[in-house]
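J.: If you're matching positions, the sequence shown starts at 1 in the UniProt record's numbering and goes up one per residue.
Quick reminder that beta carbons are idealized off the backbone N, C-alpha and C, glycines included.
Values in this document were obtained by computation on a predicted structure and should not be read as measured data.
Sharing a structure below in structure tokens format, with a few things to ask.
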Amino acid sequence: MPAFGDHSSMNNWLSDISSEMALFGKYEVGKLLGHGAFAKVYQARNVKTGETVAIKAVSKRKVLRGKLMAQVKMEIAIMHRLNHPNIVKLVEVLATKTKVYFVMEYAKGGELSSRIKKGRFSEDLSRRYFQKLISAVGFCHLRGVYHRDLKPENLLLDENWNLKVTDFGLSAVSEQVRQDGLLHTLCGTPAYVAPEILAKRGYDGAKVDIWACGIILFFLHAGYLPFDDSNMTMMYRKIYRGEFKFPKWTSPELQRLISHLLDTNPETRITIDEIMNDPWFKDGFKEVKVHPFFDFEMKEETQSNIRLNAF
Ligand code: ADE
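Here is the structure:
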């Protein structure tokens with residue numbers, strides 16, 4: 001038996017990647033952390049350094065069949081460009097004939113959504129996580145990167161309960177923007193999708209991320225989603241009309257900020273700069289004189305061992 005992690009979820013896929021990783025001679029693969037349509041994420045350990053990492057194994061066959069190879073390369077390029085304490089770092093990319101492996105920083109605390117399921121957060125705790133989220137999202141936007149699938153499942157926690165944004169699989173960079181200055185791909189997770197995406201108009205990637213941040217902030221402190229319905233059509237109708245109710249424990253200051261985040265009109269929706277100046281957001285954050293995302297510089301291309309043409 002392999003010596004590392006809980007192997008209760010072991011299957012052919014895992015033994016497949018275990019032997020491939022043994023080929024790389026670098027990582028010992030442990031338990032399955034999560035999976036999506038094209039990829040599975042495993043815990044692993046760097047044999048030499050003992051460092052724990054997360055490895056996302058992407059099936060080339062499935063990606064090619066879905067004509068998504070450009071998207072995978074984009075995800076690598078994006079993660080590589082972002083060096084911020086609240087964004088999961090990409091350590092390296094390995095590839096074989098059949099798979100691409102993203103070796104990433106390991107976030108020991110797991111998904112933020114699992115923590116919220118144990119109980120909603122106080123306004124103070126919600127604010128602390130929201131500040132970190134906005135720091136990461138603002139950092140991305142300044143670099144022309146829009147996440148487009150922000151949700152608590154893509155927000156991880158490290159061993160110090162520090163927030164880490166992950167999964168840039170649906171991200172767009174500003175080069176993809178059409179001549180009208182807007183993005184046109186339909187994407188995201190239903191409960192977090194902004195009304196302008198539902199309207200199938202072109203949309204601004206930054207505004208769509210800000211809408212999702214509004215849903216996340218509501219969810220953190222309410223413990224449930226603002227727009228929810230077992231009937232998808234009804235849910236979309238509520239999103240489109242911006243119909244939601246605050247729980248009775250929401251302060252007027254927080255109600256004001258969430259209403260600005262969940263403004264159905266992207267033109268008048270609050271911007272990152274305005275969020276940073278919002279009284280509820282700034283409360284308990286007064287000593288910070290500079291935008292927190294100005295503190296972190298982009299990684300120099302030359303420092304990296306990540307090669308986009310590795311596969
Ligand atoms: N699940 C998905 N990515 C992860 C990561 N980087 N760390 C921990 N769990 C994860």
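Between T166 and ligand 1, is the CB less than 7 Å from at least one heavy atom?
T.: Mapped onto the sequence shown, residue 166 falls at position 166. Flag set: Cβ of T166 near ligand 1.
J.: Looking at the structure shown, is I270 part of a helix, part of a strand, or coil, going by DSSP?
T.: By one-based count along the sequence shown, residue 270 stands at place 270. It is coil, neither helix nor strand.
J.: Measuring CA to CA, which of N83, K108, K97, K60 is closest to A44?
T.: Along the sequence shown, one-based indexing puts residue 44 at 44. Measuring from the Cα of A44, the nearest candidate turns out to be K108.
J.: With 16 other CB atoms within 10 Å as the buried threshold, where does Q255 fall?
T.: Locating residue 255 in the sequence shown gives position 255, counting from the first residue. Exposed, by the Cβ-count rule.
J.: Quick one: which unbroken alpha helix (DSSP H) runs of 4-plus residues sit fully inside the stretch 173-254? Chain order, please.
T.: You should have 195-198, 205-222, 232-241.
J.: At the level of alpha carbons, what is the spacing between P252 and S259?
T.: Position 252 of the sequence shown, counted from the first residue, corresponds to residue 252. Position 259 of the sequence shown, counted from the first residue, corresponds to residue 259. Just so you know, the alpha carbons of P252 and S259 end up roughly 10 Å apart.
J.: Using a Cβ-Cβ cut-off of 6 Å (strictly less than) and excluding sequence neighbours within five positions of F4, which residues of its own chain qualify?
T.: Position 4 of the sequence shown, counted from the first residue, corresponds to residue 4. Because the pLDDT of F4 is 45, which lies under 50, any placement of that residue in the model is unreliable, and the number read from its coordinates should be weighed accordingly. Within the same chain, F4 has close Cβ partners E28, G30, R45.
J.: For M232, count neighbouring C-beta atoms within 10 Å of its own C-beta (all shown protein chains included) and say buried if the count is 16 or more, exposed if not.
T.: Within the sequence shown, residue 232 is the residue found at index 232, counting from 1. Burial call: exposed.
J.: Checking 8 Å against the spacing of the C-beta atoms, do I134 and F219 come in under that value?
T.: Indexing the sequence shown from 1 puts residue 134 at position 134. Indexing the sequence shown from 1 puts residue 219 at position 219. For I134 and F219, no; Cβs fall outside 8 Å.
J.: In terms of alpha-carbon separation, which member of M104, N86, I87 lies closest to L94?
T.: Counting from 1 along the sequence shown, the entry for residue 94 is found at position 94. Closest by alpha carbon: M104.
J.: Let's see if you can read the secondary structure: which residues bound the alpha helix (DSSP H) around H80?
T.: For the purposes of this step, residue 80 is taken as the residue at position 80 of the sequence shown. Counting along the chain, the alpha helix (DSSP H) containing H80 begins and ends at 69-81.
J.: With DSSP as the reference, label A136 as helix, strand or coil.
T.: The residue labelled residue 136 in the question sits at position 136 within the sequence shown. It is helical.
J.: Could you give the residue range of the alpha helix (DSSP H) that holds K108?
T.: Residue mapping note: residue 108 aligns to position 108 of the sequence shown, counting from 1. Careful: K108 lies outside any alpha helix (DSSP H) and carries neither H nor E.
J.: Give me, in chain order, the residues of the same chain whose beta-carbon lies closer than 8 Å to that of V91; leave out the 5 immediate sequence neighbours on both sides.
T.: Taking the sequence shown and counting its residues from 1, the one referred to as residue 91 is at position 91. Excluding sequence neighbours, V91 sits near V53, V103, M104, E105.
J.: Report, in whole angstroms, the separation of the C-beta atoms of K151 and Y192, which I expect to be a contact under 8 Å.
T.: Taking the first residue of the sequence shown as 1, we reach residue 151 at position 151. Taking the first residue of the sequence shown as 1, we reach residue 192 at position 192. Sure, about 5 Å apart at Cβ, within 8 Å.
J.: Enumerate in chain order the residues of its own chain whose CB-to-CB distance from D278 is below 7 Å, with the five nearest sequence positions on each side excluded.
T.: Locating residue 278 in the sequence shown gives position 278, counting from the first residue. So the qualifying residues of the chain are L257.
J.: Does the beta-carbon of G214 have 16 or more other beta-carbons within 10 angstroms, so that it is buried, or is it exposed?
T.: The residue given as residue 214 occupies position 214 in the sequence shown. So G214 counts as buried.
J.: Assuming contact is defined by CB atoms lying nearer than 8 Å, are A194 and V208 in contact in what I supplied?
T.: Here residue 194 corresponds to residue number 194 of the sequence shown, with the count starting at 1. Here residue 208 corresponds to residue number 208 of the sequence shown, with the count starting at 1. The answer is yes: Cβ separation under 8 Å.
J.: Name the DSSP bridge partner or partners of I87?
T.: What you label residue 87 is simply residue 87 of the sequence shown in a count that begins at 1. Partner(s): V165.
J.: Return yes when the Cβ of A222 is within less than 8 Å of the Cβ of P190, no when it is not.
T.: Position 190 of the sequence shown, counted from the first residue, corresponds to residue 190. Position 222 of the sequence shown, counted from the first residue, corresponds to residue 222. The answer is no: Cβ separation not under 8 Å.
J.: Considering only residues of the same chain and omitting the five flanking positions on each side of W161, which have a CB-CB separation below 8 Å?
T.: Along the sequence shown, one-based indexing puts residue 161 at 161. So the list reads G109, once near-sequence residues are dropped.
J.: Could you check which residue in E123, S113, G25 has the C-alpha nearest to that of L157?
T.: Along the sequence shown, one-based indexing puts residue 157 at 157. Among E123, S113, G25, the Cα nearest to that of L157 is on S113.
J.: Can you give me the start and stop residues for the beta strand (DSSP E) that R45 sits inside?
T.: Along the sequence shown, one-based indexing puts residue 45 at 45. Element bounds for R45: 39-46.
J.: Does ligand 1 have a heavy atom nearer than 7 Å to the CB of A206?
T.: Within the sequence shown, the letter at position 206 stands for residue 206. No, Cβ of A206 sits at least 7 Å from all heavy atoms of ligand 1.
J.: Since S113 is in the alpha helix (DSSP H), which residue starts that stretch and which ends it?
T.: Along the sequence shown, read from residue 1 onward, the residue named residue 113 stands at position 113. First-last of the alpha helix (DSSP H) with S113: 112-117.
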